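Participant:
Residue numbers (my numbering): 3 to 325.
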């Protein structure tokens, strides 16, 4: 997902042609969720990110783009029901370190454990992790399991991709002490957002890598390139879903980001719907906004958006310079 400043139509003389991977994705979607036949995922240089969702015909305001059943969303609860043995392993690992317990019933135990951890040498490196910090490593484990078991999600997961400096760093399975690699990554990120300082970028990358190392102590994650790469991929595709759930929404994750989106979302009791929030011309790319609409962008938010999602914001979009 890459930031787009404007929404433009593709020249009618330049046809949009689906590549084999695009057709494969649409085949999977047609088997699992209804998509408006007038929109297509297309791999093309005409997309702000090299691949995006386009209107193949004119779309009307409020026209439905996609209807996604909640059962298809890749989040912790759905994954746990699909992979119960792995869910049990994750639960045991979390409980070993004071996570995964009923927050009300065991709150006092959780507080006591934290207090003891602060005063002893018992796993002091991750005593400050919270339950909400564990969604990314959890989903990493489930995604790798889905691939291993050839689950129906696999064909969709195989389509996940990311191409930015932060992902390249994780593809190397870099560690927090790999200063040279971190320095080079910070320089590459600075080319995308030159208003961010080299020092802040290096510090943020080190925090990201350090947090990953902490999470690997709590959950049964392997220390290899496959795990590190999937972890970073999930970071750029998942979003908050409410009720302490974070996950990846099929088809939604193929739509790129803009501060001026032409799509909106609504949530029902058992589904998610994406619809056009204004008329959309044939050839236009479709966009959602992945940051809070109406919230003024700060340099801190821009930094973490760049690292987490690979979204570079323009300097003119920054309203609050807080470092």
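We treat Cβ as the ideally placed atom computed from N, Cα and C, and that holds for glycine.
A quick note: this is a predicted structure, and the numbers were derived from the prediction, not measured.
Could you check whether residue 145 and residue 232 sit closer than 7 angstroms to each other, using their CB atoms as the reference points?
Facilitator: Counting from one through the chain shown, the residue named residue 232 turns up at place 230. Counting from one through the chain shown, the residue named residue 145 turns up at place 143. Closer than 7 angstroms, so yes.
Participant: What span of residues does the alpha helix (DSSP H) with residue 302 cover, start to end?
Facilitator: By 1-based counting over the chain shown, the position of residue 302 is 300. First-last of the alpha helix (DSSP H) with residue 302: 301 to 311.
Participant: Expressed to the nearest angstrom, what Euclidean distance is found between the alpha-carbon atoms of residue 246 and residue 133?
Facilitator: What you label residue 246 is simply residue 244 of the chain shown in a count that begins at 1. What you label residue 133 is simply residue 131 of the chain shown in a count that begins at 1. Each residue's alpha carbon lies about 9 angstroms from the other.
Participant: Taking the alpha-carbon of residue 332 as reference, which of 190, 271 and 266 has the nearest alpha-carbon?
Facilitator: Not covered by the structure: residue 332. The range shown for the chain is 3 to 325.
Participant: With a floor of 3 residues, list each beta strand (DSSP E) that falls wholly inside the segment 53 to 82, ordered by position along the chain.
Facilitator: Listed in chain order, they are 53 to 57 and 66 to 71.
Participant: Do residue 36 and residue 69 count as a contact pair if the criterion is CB distance below 7 angstroms?
Facilitator: The sequence position of residue 69 within the chain shown is 67, counting from 1. The sequence position of residue 36 within the chain shown is 34, counting from 1. Closer than 7 angstroms, so yes.
Participant: Would DSSP call residue 278 helix, strand or coil?
Facilitator: On the chain shown, position 276 is the one that residue 278 refers to. In the structure shown, residue 278 sits in a strand (DSSP, three-state: E or B).
Participant: Kindly indicate which residue of 284, 324 and 153 has the alpha-carbon position closest to the one of residue 202.
Facilitator: Residue numbering aside, residue 202 sits at position 200 when the chain shown is read from its first letter. Among 284, 324 and 153, the Cα nearest to that of residue 202 belongs to 324.
Participant: Relative to the C-alpha of residue 24, which residue among 54, 216, 142 and 196 is closest?
Facilitator: On the chain shown, position 22 is the one that residue 24 refers to. Comparing Cα positions, the closest option is 54.
Participant: Starting from residue 181, trace the alpha helix (DSSP H) both ways and give me its first and last residue.
Facilitator: Counting from one through the chain shown, the residue named residue 181 turns up at place 179. First-last of the alpha helix (DSSP H) with residue 181: 181 to 194.
Participant: Could you give the residue range of the alpha helix (DSSP H) that holds residue 159?
Facilitator: If you number the chain shown from 1, residue 159 lands on position 157. Residues 155 to 159.
Participant: Compute the distance between the beta-carbons of residue 258 and residue 51, then report whether it is under 7 angstroms.
Facilitator: Here residue 258 corresponds to residue number 256 of the chain shown, with the count starting at 1. Here residue 51 corresponds to residue number 49 of the chain shown, with the count starting at 1. Cβ atoms of residue 258 and residue 51: closer than 7 angstroms.
Participant: What does DSSP give as the partner residues of residue 234 in its beta bridges?
Facilitator: Translated into the one-based positions of the chain shown, residue 234 becomes position 232. Per DSSP, none; premise fails for residue 234.
Participant: Given this structure, state the Cα-to-Cα distance separating residue 66 from residue 41, to the nearest angstrom.
Facilitator: Stepping through the chain shown from its first residue, residue 66 is reached at position 64. Stepping through the chain shown from its first residue, residue 41 is reached at position 39. Residue 66 and residue 41: Cα-Cα distance of roughly 10 angstroms.
Participant: CA-CA distance, residue 251 and residue 301?
Facilitator: Start at 1 with the first residue of the chain shown, and residue 251 comes out as number 249. Start at 1 with the first residue of the chain shown, and residue 301 comes out as number 299. Using only the alpha carbons, I get a separation of about 28 angstroms.
Participant: Give the straight-line distance between the Cα atoms of residue 95 and residue 222, rounded to the nearest whole angstrom.
Facilitator: To locate residue 95, count along the chain shown from 1; it is residue 93. To locate residue 222, count along the chain shown from 1; it is residue 220. Using only the alpha carbons, I get a separation of about 7 angstroms.
Participant: To the nearest angstrom, report how far apart residue 190 and residue 224 are at their CA atoms.
Facilitator: As a first step, residue 190 is located in the chain shown; it is residue number 188 there, counting from the start. As a first step, residue 224 is located in the chain shown; it is residue number 222 there, counting from the start. If I take the Cα positions, the gap works out to 28 angstroms.
Participant: By the DSSP assignment, the alpha helix (DSSP H) with residue 315 in it spans what residues?
Facilitator: Within the chain shown, numbered from 1, the residue matching residue 315 stands at position 313. Residue 315 -> no alpha helix (DSSP H), and no H or E assigned at all.
Participant: If you measure between the beta carbons of residue 56 and residue 287, is that distance less than 7 angstroms?
Facilitator: The count along the chain shown starts at 1 and reaches residue 56 at position 54. The count along the chain shown starts at 1 and reaches residue 287 at position 285. The answer is yes: Cβ separation under 7 angstroms.
Participant: Secondary structure at residue 197, three-state DSSP: helix, strand or coil?
Facilitator: Position 195 of the chain shown, counting from 1, holds the residue named residue 197. DSSP places residue 197 in coil when its eight states are reduced to three.
Participant: Looking only at C-alpha atoms, which of 29, 318 and 198 sits nearest to residue 43?
Facilitator: As a working mapping, residue 43 is identified with position 41 in the chain shown. Cα-wise, what sits closest to residue 43 is 29.
Participant: Taking the straight line between their C-alpha atoms, what separation do you get for residue 239 and residue 158?
Facilitator: On the chain shown, residue 239 is found 237 positions in, with the first residue counted as 1. On the chain shown, residue 158 is found 156 positions in, with the first residue counted as 1. About 12 angstroms.
Participant: Report yes if the C-beta distance between residue 206 and residue 131 is below 7 angstroms; otherwise report no.
Facilitator: Numbered from its first residue, the chain shown carries residue 206 at position 204. Numbered from its first residue, the chain shown carries residue 131 at position 129. No; because the gap between Cβ atoms is not below 7 angstroms, this pair is not in contact.
Participant: Give me whichever residues DSSP pairs with residue 273 in a beta bridge.
Facilitator: The sequence position of residue 273 within the chain shown is 271, counting from 1. Residue 273 pairs with 71.
Participant: Can you give the Cα-Cα distance for residue 316 and residue 167, rounded to whole angstroms?
Facilitator: Along the chain shown, one-based indexing puts residue 316 at 314. Along the chain shown, one-based indexing puts residue 167 at 165. About 17 angstroms.
Participant: Does the distance from the CB of residue 162 to the CB of residue 235 come in under 7 angstroms?
Facilitator: One-based indexing of the chain shown puts residue 162 at position 160. One-based indexing of the chain shown puts residue 235 at position 233. Going by C-beta atoms, residue 162 is nearer than 7 angstroms to residue 235.
Participant: In angstroms with no decimal places, state the Cα-to-Cα distance between residue 64 and residue 269.
Facilitator: Here residue 64 refers to the residue found at position 62 of the chain shown. Here residue 269 refers to the residue found at position 267 of the chain shown. Between residue 64 and residue 269, the C-alpha separation is close to 15 angstroms.
Participant: I need the straight-line Cα distance from residue 321 to residue 198, nearest angstrom please.
Facilitator: For the purposes of this step, residue 321 is taken as residue 319 along the chain shown, with counting starting at 1. For the purposes of this step, residue 198 is taken as residue 196 along the chain shown, with counting starting at 1. If I take the Cα positions, the gap works out to 14 angstroms.
Participant: Who are the Cβ neighbours of residue 80 in its own chain at under 7 angstroms, not counting the five residues just before and after it?
Facilitator: Translated into positions along the chain shown, residue 80 becomes position 78. 73.
Participant: Work out the CA separation of residue 60 and residue 152 for me, nearest whole Å.
Facilitator: Counting from one through the chain shown, the residue named residue 152 turns up at place 150. Counting from one through the chain shown, the residue named residue 60 turns up at place 58. Approximately 37 angstroms, taken between the alpha carbons.
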